[in-house]
Amino acid sequence: MKIRFSTDALVIKETAIGDNDRLLTLMTRDMGVIRAFAVGAKSVKSRRGSATGLLAYSNFNIDKTGDTYKIVEASANKVFFGAGSDVVTLAVAQYFCELCAFFGPHDETAEEFLRVILNSLYYITEKKRDPVLIKAITELRICALSGYSPSLIACADCGQFEDKTMYFSFDNGSIYCENCKKPNCTALNLTVLKAMRHIIYSKLENLYGFEIPDKDIKTLEKITERYLVFQSEHRFATLEFYHSVI
Ligand SMILES: [Zn+2]
937 MKIRFSTDAL
947 VIKETAIGDN
957 DRLLTLMTRD
967 MGVIRAFAVG
977 AKSVKSRRGS
987 ATGLLAYSNF
997 NIDKTGDTYK
1007 IVEASANKVF
1017 FGAGSDVVTL
1027 AVAQYFCELC
1037 AFFGPHDETA
1047 EEFLRVILNS
1057 LYYITEKKRD
1067 PVLIKAITEL
1077 RICALSGYSP
1087 SLIACADCGQ
1097 FEDKTMYFSF
1107 DNGSIYCENC
1117 KKPNCTALNL
1127 TVLKAMRHII
1137 YSKLENLYGF
1147 EIPDKDIKTL
1157 EKITERYLVF
1167 QSEHRFATLE
1177 FYHSVI
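Sequence positions in the sequence shown follow the working numbering and run 937 to 1182.
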């Protein structure tokens, strides 16, 4: 039985099939990550090519037959990348796509997940916020949305709220005070700890609204990346590309 539905989605991957067709991976608002065929998409570029390109955020009409999805129509809401995007921004954007593919929900709504990714793409492409900071925000918030939330309220052993230096455990995402620190921890100054707390606990509408000195951005980003990679136990090819261009 064929069911037709409509949903907004971000194109996070495209694979050519033969001369004319493509298989798209979509982060949809209503059903998480799906793979859908765009039949003849190359030959009808003028009609829906940009709406089905990588990093296009579009409204899709899709036919579902069994487990197979086929795109019927697509109209672009927003295409994030045009000519002139710098390579670092593009590398971060491609990494966000891989994060979607790996962490994104399946068969359930992905409303908040999609909003984080769309906002992050907006900030790196339109508002020109530091892509390294936006990468850190995205990594940590996606961990929180995907069941890997760190617990940053207080020292996990003794309950001390904060100290001049606290210690973050990559093993369990907890923080510890000087007296209680564990192996595989990294020192956090209070600025970085406050930034991490903001990223995990703020409402989505406030997520990007905090200040952090430039000198602390790199420290924050090293921690969020290491935590994400350690917890996911996954090798992200786009992250390796990012490190080759940064
Ligand atoms: Zn303690």
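In this text, a Cβ means the ideal position worked out from N, Cα and C, and glycines have one as well. Computed from a predicted structure; not experimentally measured.
- For Thr1001, the enclosing beta strand (DSSP E) covers residues Ala992 to Thr1001.
- Beta-bridge annotation (DSSP): Leu962 is paired with Val947 and Ile970.
- Taking Phe1032 as reference, the option from Glu1047, Pro1041, Leu991 and Glu1048 with the minimal CA-CA separation is Leu991.
- Cys1094 has no beta-bridge partner at all, per DSSP.
- By the C-beta density criterion, Lys1071 is buried, having at least 16 other C-beta atoms within 10 angstroms.
- Per DSSP, the continuous beta strand (DSSP E) segment holding Leu1124 begins and ends at Cys1121 to Asn1125.
- Setting aside the 5 residues that flank it on each side, His1042 is surrounded in the same chain by Gly968 and Val969, each with a C-beta closer than 6 Å to its C-beta; the list follows chain order.
- One thing to note: Met1102 has its Cβ within 7 Å of the Cβ of Leu1129.
- Leu946 and Arg971 have their C-alpha atoms spaced approximately 12 Å apart.
- When Thr988, Thr964 and Tyr1084 are compared, the shortest CA-CA separation from Phe941 is found for Thr964.
- His1170 and Asp999 have their C-alpha atoms some 32 Å from each other.
- Taking every protein chain shown into account, the CB of Cys1091 has 16 or more other CB atoms within 10 angstroms, so this residue is buried.
- In terms of Cβ geometry, Tyr1058 and Arg1065 do not form a close pair [threshold 7 Å].
- Runs of the alpha helix (DSSP H) lying entirely within the region 1097-1177, each at least 4 residues long, are 1126-1137 and 1150-1168 in chain order.
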